[in-house]
Amino acid sequence: MISGKNYIGDKLSSNSSITFKTFNPLINIENDILFFEASDSEIKKATKIASEAFRYYKQVSAKDRARFLVQISDELSLISDDIVKIYCKETGLPEARCLGELGRTMNQLKSFANLLLEGSFQEISIDTPIPDRKPISKPDLRKMLMPIGPVVVFGASNFPLAYSTAGGDTASALAAGCPVILKSHPMHAGTGELVSAAIIRAAKKTNMPNGVFSNLNSKGIEVGVKLVNSPDIKAVGFTGSLKGGRAIYDLASKRNHPIPVFAEMGSVNPVLIFPKKLEKEYDELAKKFAKSITIGSGQFCTNPGLIISFESDTFDLFINKLVKEIEQISPSCMLHPNI
63 MISGKNYIGD KLSSNSSITF KTFNPLINIE NDILFFEASD SEIKKATKIA
113 SEAFRYYKQV SAKDRARFLV QISDELSLIS DDIVKIYCKE TGLPEARCLG
163 ELGRTMNQLK SFANLLLEGS FQEISIDTPI PDRKPISKPD LRKMLMPIGP
213 VVVFGASNFP LAYSTAGGDT ASALAAGCPV ILKSHPMHAG TGELVSAAII
263 RAAKKTNMPN GVFSNLNSKG IEVGVKLVNS PDIKAVGFTG SLKGGRAIYD
313 LASKRNHPIP VFAEMGSVNP VLIFPKKLEK EYDELAKKFA KSITIGSGQF
363 CTNPGLIISF ESDTFDLFIN KLVKEIEQIS PSCMLHPNI
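In our numbering, the protein residues as written are 63 to 401.
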């Protein structure tokens, strides 16, 4: 059951009077569930318990963190039917897309678990000393990567699973030993709550500290701004537009103690087509480009946005063929009226 509330660690919370709903783009109406915007007190509580959890979680062994990630994957598998229902209602995307993305999400978690067990992720290096080296002695240098602290992850609009609540940013932060506060995406807040509940169940079953994961709802930018500015937050993970990512980067860099922002942002994705390739395969290339441009209703960040080639008769044939191929593709709804 979806409550519409925020997860502050393992506790549901709804202090705010500000609410919003998700949208079903297939039938062009709002979904029924009300979601509660995270309040200032809830933001402070989430960051505080994340900071407290970090003191313990950073010391949890790689083996136990791997067990946590695998358990998250298992919990997602158990509720796959429920995820499909709300995912499709909030995105308009087909069931097959949801199942494919869910499988990818689960495999990402397992991949990070395997990396933890393998051990090289710490990049440990030991440079032994040479005390009698001339003209000066060589010191003993030892290095390894260590967890940085609580991380805010922003859910992506077009990937409610693989780039959101339990997606790559969350999986990598948890694998590194960093608690996560998820700023849920308002377009798929219900999907986010189901996944959040699965993460919290996994945390309990593997004895992870309360506060290792929280999920905060927000339909605007205010909650995200306050999270990035919180002194308890030590890094940000973001997938989305260049405008949004740039704004987050600017906030993070202007803090008294700047923090890193790991952002995958949109691009026009220019593609070069060389003349010989075009002459041999213009017809086949047009078909491939048409599929790539329109996949996911054109809402993939990897979609080609700019085609560059030499002016020629063959290039004109390619463009005409591309137009015809796109015209034959059935239209589909976007994720949300705002897009």
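Note that CB positions come from ideal geometry on N, CA and C, so glycine has one too.
Which residue wins for smallest C-alpha separation from residue i, given the options the options?
{"i": "F85", "options": "L155, T268, Y118", "result": "L155"}
{"i": "H402", "options": "A108, T167, P222", "result": "Residue 402 is absent from the structure shown; the chain starts at 63 and stops at 401."}
{"i": "S315", "options": "P332, G328, N331, A297", "result": "A297"}
{"i": "E137", "options": "K110, K266, E284, Y149", "result": "K266"}
{"i": "N382", "options": "D345, N93, I210", "result": "D345"}
{"i": "A224", "options": "A237, L171, L131, V214", "result": "L171"}
{"i": "S139", "options": "I210, A264, I335", "result": "A264"}
{"i": "A100", "options": "P209, D143, G302, I283", "result": "I283"}
{"i": "T268", "options": "M63, S76, L88, F130", "result": "F130"}
{"i": "Y122", "options": "P209, I335, R166", "result": "The amino acid occupying residue 122 in the given sequence is Val; Tyr does not appear at that position. Residue P209 is the option with its Cα nearest to V122."}
{"i": "S374", "options": "D94, I335, K353", "result": "I335"}
{"i": "D144", "options": "M63, E389, I95, D94", "result": "M63"}
Rounded to the nearest angstrom, what separates residue i and residue j at their Cα positions?
{"i": "P271", "j": "F300", "result": "24 Å"}
{"i": "G254", "j": "K342", "result": "47 Å"}
{"i": "T109", "j": "P241", "result": "10 Å"}
{"i": "F324", "j": "N331", "result": "19 Å"}
{"i": "L164", "j": "I134", "result": "12 Å"}
{"i": "Y119", "j": "R195", "result": "41 Å"}
{"i": "F377", "j": "V333", "result": "14 Å"}
{"i": "K151", "j": "N90", "result": "10 Å"}
{"i": "Y149", "j": "G307", "result": "25 Å"}
{"i": "G404", "j": "K205", "result": "Because the chain is modelled from 63 through 401, residue 404 falls outside the range shown and cannot be assessed."}
{"i": "C160", "j": "V146", "result": "6 Å"}
{"i": "I141", "j": "A309", "result": "35 Å"}
{"i": "P322", "j": "Y311", "result": "8 Å"}
{"i": "A260", "j": "I401", "result": "29 Å"}
{"i": "L304", "j": "I369", "result": "20 Å"}
{"i": "F362", "j": "N220", "result": "7 Å"}
{"i": "A228", "j": "F351", "result": "31 Å"}
{"i": "G302", "j": "M249", "result": "13 Å"}
{"i": "M396", "j": "S76", "result": "30 Å"}
{"i": "V214", "j": "G273", "result": "13 Å"}
{"i": "P87", "j": "K353", "result": "22 Å"}
{"i": "E389", "j": "D94", "result": "35 Å"}
{"i": "E92", "j": "S65", "result": "16 Å"}
State buried or exposed for residue i, treating a residue as buried only when at least 16 other CB atoms are found within 10 Å of its CB.
{"i": "S280", "result": "buried"}
{"i": "I243", "result": "buried"}
{"i": "T232", "result": "buried"}
{"i": "H319", "result": "exposed"}
{"i": "S226", "result": "buried"}
{"i": "V385", "result": "exposed"}
{"i": "A237", "result": "buried"}
{"i": "K107", "result": "buried"}
{"i": "T153", "result": "buried"}
{"i": "S103", "result": "exposed"}
{"i": "T190", "result": "exposed"}
{"i": "G230", "result": "buried"}
{"i": "P201", "result": "exposed"}
{"i": "S258", "result": "buried"}
{"i": "M168", "result": "buried"}
{"i": "P197", "result": "exposed"}
Less than 8 Å between C-beta atoms, sequence neighbours within five positions excluded: which residues of the same chain meet that for residue i?
{"i": "K339", "result": "L347"}
{"i": "L313", "result": "V287, V290, N291"}
{"i": "L179", "result": "A124, K125, A128"}
{"i": "S234", "result": "F174, G299"}
{"i": "G367", "result": "S329, V330, N331, P332"}
{"i": "L256", "result": "I64, I141, D144, I145, I148"}
{"i": "V132", "result": "L171, K172, A175"}
Which residues in the same chain as residue i place their Cβ atom closer than 7 Å to its Cβ, once the five residues preceding and following it in sequence are excluded?
{"i": "F372", "result": "P337"}
{"i": "I262", "result": "Y69, D72, F275"}
{"i": "P212", "result": "T109, A112, S113, F116, C240, P241, I243, D294, I295, K296"}
{"i": "R317", "result": "N291"}
{"i": "S394", "result": "S359"}
{"i": "I188", "result": "R204"}
{"i": "E157", "result": "V146, C150"}
{"i": "E326", "result": "T301"}
Between residue i and residue j, which are expected to be in contact by the criterion C-beta below 8 Å, what is the C-beta distance as a whole number of angstroms?
{"i": "V285", "j": "I105", "result": "6 Å"}
{"i": "F42", "j": "S78", "result": "What the structure shows of the chain is the stretch from 63 to 401, and residue 42 is not part of that stretch, so it cannot be assessed."}
{"i": "S199", "j": "I192", "result": "7 Å"}
{"i": "L74", "j": "K83", "result": "About 18 Å; that fails the 8 Å criterion."}
{"i": "I391", "j": "T356", "result": "5 Å"}
Give me, in chain order, the residues of the same chain whose beta-carbon lies closer than 6 Å to that of residue i; leave out the 5 immediate sequence neighbours on both sides.
{"i": "L207", "result": "Q184, E185"}
{"i": "S246", "result": "G217, G254, N277, N279"}
{"i": "K349", "result": "E387"}
{"i": "L379", "result": "Y344"}
{"i": "A251", "result": "T84, F97, N279"}
{"i": "L177", "result": "F183"}
Output yes if chain B places a C-beta closer than 8 Å to the C-beta of residue i; else output no.
{"i": "I70", "result": "Of the chains in the structure shown, none is chain B; there is only one protein chain."}
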